[in-house]
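Asks: Those letters in the sequence shown? Residues 0 to 284, per numbering that gives the first Met the number 0, in order.
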Amino acid sequence: MQYLTTWNFNNLPPEERKKVYKESRLPDGKTLREYWIFAEDKEIEIAPGVFFPAWTYNGQVPAPTIRATEGDRIIIYFTNKGTKPHTMHFHGIHNASMDGAMTEDFVYPDKSFTYEFEAEPFGVHLFHCHSVPIKQHISKGLYGAYIVDPRNDTRAKPGKELVMIMNAFDTNFDEENEVYAVNSKAFYYALNPIKVKKDELIRIYLINLVEFDPINSFHLHATFFDEYRTGTRLEANAYTDIVSMVQGERSIIDVRFKYSGMYMFHAHVSEFTELGWMGFFEVTD
């Protein structure tokens, strides 16, 4: 549950947090955000009693969220503790030397690389490993959310912010998924509904990182929401109850629940729902 509401490693105790995240001020007044990220092979639980041999950033899937404000300087000290060559490729604007996409950019086991760039444009973005075969590195779990907040945000301030990464797992390695989820655990939010207040503004950073399936979707029952495609504009693109996405697409969703009760959300692909991709919002007065 904690992945929903944590970024910049703020779920860690202070002594642990300072080992992987540091925030300071540069001489020109800009904020510098430094991250220490490592790739690691690790088994993770994707459903009760079901484990998957993942490739992870900092031991988790999805990776810890990278978050900054537009114009901040970001430095990422990346170390590969895994058994395959890996990279970090960010969807944003940066110098080609920081793109992590070419074979010469591969970071081999026990090696390190430092990524440095300014946070732009504002919006909800992502990062993932770009080593080949890319489909294997993504399907094994090397991805995360990259959120850049606008410097001058004219939208209403949310009461709660949630990060939801739609993902899936190929448990028998036949390039077809057997388990679907949000934030890696099938049916987790069905068994542990997300608690929110009636009329509270909820902001969801939604990203699709399902491999092997061409399209995914997010449908919310009995409620409509404002959708900001990619989050790079401050005006909503649509007022709807469903969003469809190919891999790598993302949106910011702003929603207020008018009535209390239990509200289902799920993929509007029946197979995905039945294999784990569904949950509930529990709305109280």
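Glycine included, every Cβ here is placed at the ideal spot set by N, Cα and C.
What does DSSP give as the partner residues of Arg32 in its beta bridges?
Replies: Taking the first residue of the sequence shown as 1, we reach residue 32 at position 33. Beta-bridge pairing links Arg32 to Glu22, Ile73.
Asks: Going by the DSSP bridge assignment, what does Ala53 pair with across the sheet?
Replies: By one-based count along the sequence shown, residue 53 stands at place 54. Partner(s): Lys41.
Asks: Put Thr5 into one of helix, strand or coil per three-state DSSP.
Replies: Residue mapping note: residue 5 aligns to position 6 of the sequence shown, counting from 1. Thr5 falls in the coil class under three-state DSSP.
Asks: Relative to the alpha-carbon of Met277, which residue among Met261, Asp284, Thr283 has its alpha-carbon at the smallest distance?
Replies: As a position in the sequence shown, residue 277 is number 278, starting the count at 1. Measuring from the Cα of Met277, the nearest candidate turns out to be Met261.
Asks: Can you give me the C-alpha to C-alpha distance between Trp54 and Ile164, rounded to a whole angstrom?
Replies: The residue you call residue 54 lines up with position 55 of the sequence shown. The residue you call residue 164 lines up with position 165 of the sequence shown. Their backbone Cα atoms lie some 16 Å apart in a straight line.
Asks: Taking DSSP's pairing of strands, which residues face Asn207 in a bridge?
Replies: Counting from 1 along the sequence shown, the entry for residue 207 is found at position 208. Asn207 is bridged to Met165.
Asks: Specify, as a first and last residue, the run of the beta strand (DSSP E) that Tyr227 falls within.
Replies: Residue mapping note: residue 227 aligns to position 228 of the sequence shown, counting from 1. Residues 224 to 228.
Asks: Does the contact criterion of 3 or more C-beta pairs under 8 Å hold for the region 206 to 222 versus the region 184 to 196?
Replies: The answer is no - the region 184 to 196 does not touch the region 206 to 222, with fewer than three Cβ pairs under 8 Å.
Asks: Let's test the definition: count the other Cβ atoms within 10 Å of the Cβ of Ile92 and tell me whether it reaches 16, buried, or not, exposed.
Replies: As a first step, residue 92 is located in the sequence shown; it is residue number 93 there, counting from the start. Ile92 should be labelled exposed.
Asks: Just verifying my parser: in three-state terms, what is the DSSP assignment at Thr68?
Replies: Numbered from its first residue, the sequence shown carries residue 68 at position 69. Correct three-state label for Thr68: strand.
Asks: Excluding five sequence neighbours on each side, which residues of the same chain lie with their C-beta closer than 6 Å to the C-beta of Phe186?
Replies: Here residue 186 refers to the residue found at position 187 of the sequence shown. Counting only Cβ-Cβ distances below 6 Å, and skipping sequence neighbours, we find Gly275.
Asks: Can you list, in chain order, the residues of its chain whose CB lies under 8 Å from that of Leu208, leaving out five sequence neighbours each side?
Replies: One-based indexing of the sequence shown puts residue 208 at position 209. Here the set comprises Pro61, Leu125, His127, Ile137, Tyr142, Ile164, Met165, Asn166, Gln246, Gly247.
Asks: I need the straight-line Cα distance from Arg232 to Phe172, nearest angstrom please.
Replies: Sequence index remark: in the sequence shown, residue 232 carries index 233 (1-based). Sequence index remark: in the sequence shown, residue 172 carries index 173 (1-based). Going by the C-alpha atoms only, they are around 39 Å apart.
Asks: In terms of DSSP beta bridges, what is Asn79 paired with?
Replies: In the sequence shown, the residue the question calls residue 79 occupies position 80. Answer is Ala38.
Asks: Below 7 Å, is the gap between the Cβ of Lys139 and the nearest heavy atom of the ligand NAP?
Replies: Here there are no bound small molecules, and the ligand NAP is not part of this structure.
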